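Residue numbers (this note's numbering): 849 to 1240. Think of the CB as a built atom: it goes at the ideal place given N, C-alpha and C, for glycine as much as any other residue. The structure displayed is predicted, hence computed values, not measured ones. Take a look at the structure set out below.
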């Protein structure tokens, strides 16, 4: 009995130990599972934070680097669009001046940046400013007759139009004397062909923008252009000097290179900022007169031709009368009714071409035609049937 009792106790003890060992193992296993579950939760949170940090960094990188690049591309496109509009303005100014027909031209001043759902634009868009600078074009010319010559000076206001893009680059587009010039922070350039000189003849656009106020916009702006009311022609020109003020003498030197002849000299002075053209080939000059008073821009042209009107020289081909002198002759009452008229006539083909219309003096429409009684100089006679031309 004692042996069996001891054995039973031992078995009972082993079972108890075994039971406690299992409980211990169970306790350790449970703690291990809880610890594993807690590590998994921490990893999810850390992963979420890491992804969020990456997304924020990527957003910030795109916002600070890519958005300005995208906007700068829009700036460049807007600038090129405005450059094309300025070329059209140049063409419109020329057409209005030559055809005498008013016109309206449109300049797209800027552009709006597109709305982006996620990213933010630092500003609404790019805008531009259109302004003017008035300059004075000086024409000094000499007119020569058979009896002498005289030199005259004409000054005409011609405006320089300046468009400035207010983007990051702050670039400009300038209309100056019919030439379109680009100005960048690092310098200026032009690929626009000059139309000032063609075959020794000159056409100088005159753009009066004195009525234009500066405009700032990112939209399209319209500018009305009207022609000068009239023109004034000068014949018998033997020499001319044109002085054009410019902010871009180097550009003009490039554009006018190779156009000099034995009768025309061209210089672009970077010290005085002037383009000076001297020519002995010009024979006729036409000046615009009376700019429009009800238009933003007035367009005219100073035309200089190597031929006279219609291809003829009036000093050798057209009859004319000059130096008319009316003198009362006689004495007493006879002096009131006796008048002598002397004049110099040119290029008259026959004596019967010369007569004096005195209808306003005689009061009689039938008693007005008086023929010359004598030829004082020139070796001609009133009895001749015809005279050779030219003559004086």
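Beta-carbon contacts of residue i that lie in its chain and below 6 Å, excluding the five residues immediately before and after
i: residue 1052; result: 1150
i: residue 1086; result: 990 and 992
i: residue 1062; result: 979
i: residue 977; result: 1012 and 1064
i: residue 959; result: 922, 926, 973 and 974
i: residue 1026; result: 1043 and 1053
i: residue 1040; result: 1027 and 1028
i: residue 1113; result: 1126
i: residue 1124; result: 1091 and 1115
i: residue 878; result: Confidence at residue 878 is low in this model, with a pLDDT of 49, below 50, so the placement of that residue is unreliable and no value is reported for it.
Element boundaries [alpha helix (DSSP H), containing residue i]
i: residue 1103; result: 1097-1103
Option nearest residue i by Cα separation, candidates the options
i: residue 1097; options: 1029, 1089 and 1140; result: 1029
i: residue 1004; options: 921, 949, 1019 and 986; result: 986
i: residue 1148; options: 1140, 1136 and 1156; result: 1136
i: residue 928; options: 938, 1019, 995 and 895; result: 1019
i: residue 1076; options: 1112, 1119, 1034 and 951; result: 951
i: residue 1110; options: 902, 1104, 1118 and 1129; result: 1129
i: residue 1103; options: 1081, 1095, 1141 and 1038; result: 1038
i: residue 1122; options: 1089, 1141 and 941; result: 1089
i: residue 996; options: 1084, 1008, 1010 and 948; result: 1084
i: residue 1139; options: 1095, 1079 and 1188; result: 1079
i: residue 953; options: 935, 964, 1175 and 892; result: 935
i: residue 1008; options: 930, 1095 and 998; result: 1095
i: residue 955; options: 944, 971 and 931; result: 931
i: residue 981; options: 1055, 944, 999 and 917; result: 1055
i: residue 937; options: 1014, 1146 and 1189; result: 1146
i: residue 1100; options: 1068, 1023, 1067 and 1032; result: 1023
i: residue 957; options: 1033, 1068 and 949; result: 1068
i: residue 1046; options: 1108, 898 and 1117; result: 1108
i: residue 1014; options: 1001, 1033 and 1118; result: 1033
i: residue 1010; options: 1031, 897 and 1189; result: 1031
As assigned by DSSP and simplified to three states, the class of residue i
i: residue 1034; result: coil
i: residue 1138; result: coil
i: residue 903; result: helix
i: residue 1152; result: strand
i: residue 1173; result: strand
i: residue 997; result: strand
i: residue 884; result: Reliability fails at residue 884, whose pLDDT of 48 lies under 50, so the model's placement of it is uncertain and the value that follows must be treated cautiously. Residue state, collapsed to three classes: helix.
i: residue 1044; result: coil
i: residue 932; result: helix
i: residue 1050; result: strand
i: residue 896; result: helix
i: residue 917; result: helix
i: residue 1080; result: strand
i: residue 922; result: helix
i: residue 1159; result: Low per-residue confidence applies at residue 1159: pLDDT is 49, beneath 50, and the placement is therefore not dependable, though the value from the model is reported in the following sentence. Of the three classes helix, strand and coil, the one that applies to residue 1159 here is helix, per DSSP.
Segment limits, beta strand (DSSP E) that includes residue i
i: residue 957; result: From DSSP, residue 957 is part of no beta strand (DSSP E); its letter is neither H nor E.
i: residue 1092; result: 1085-1093
i: residue 1023; result: 1020-1024
i: residue 1112; result: 1112-1117
i: residue 1063; result: 1063-1065
Own chain partners of residue i with C-beta closer than 8 Å, once the 5 adjacent residues on each side are dropped
i: residue 884; result: At residue 884 the pLDDT is 48, less than 50, meaning the model places this residue with poor confidence and gives no usable figure here.
i: residue 1144; result: 1057, 1059, 1060, 1071, 1072 and 1073
i: residue 1159; result: The predicted position of residue 1159 is uncertain, since its pLDDT is 49 and thus under 50; no value can be drawn from it.
i: residue 984; result: 1003, 1004, 1005, 1006 and 1093
Per DSSP, the bridge partner or partners of residue i
i: residue 1002; result: 987
i: residue 1147; result: 1055 and 1075
i: residue 979; result: 1010
i: residue 938; result: Beta-bridge pairing links residue 938 to no other residue.
i: residue 1122; result: 1093 and 1117
i: residue 1188; result: 1175
i: residue 973; result: 960
i: residue 1027; result: 1024
i: residue 1131; result: Residue 1131 pairs with nothing; no bridge assigned.
i: residue 791; result: Because residue 791 is not part of the residues shown, which for the chain are 849 to 1240, the question remains open.
i: residue 1068; result: 956
Neighbourhood of residue i by C-beta, 7 Å cutoff - its chain only, sequence neighbours within 5 removed
i: residue 1049; result: 1152, 1153 and 1154
i: residue 1156; result: 1083, 1131, 1132 and 1162
i: residue 961; result: 919, 922, 969, 972 and 973
Proximity test, Cβ basis, 8 Å: residue i and chain B
i: residue 944; result: Checking the listed chains, one finds no chain B in this structure; it contains a single protein chain.
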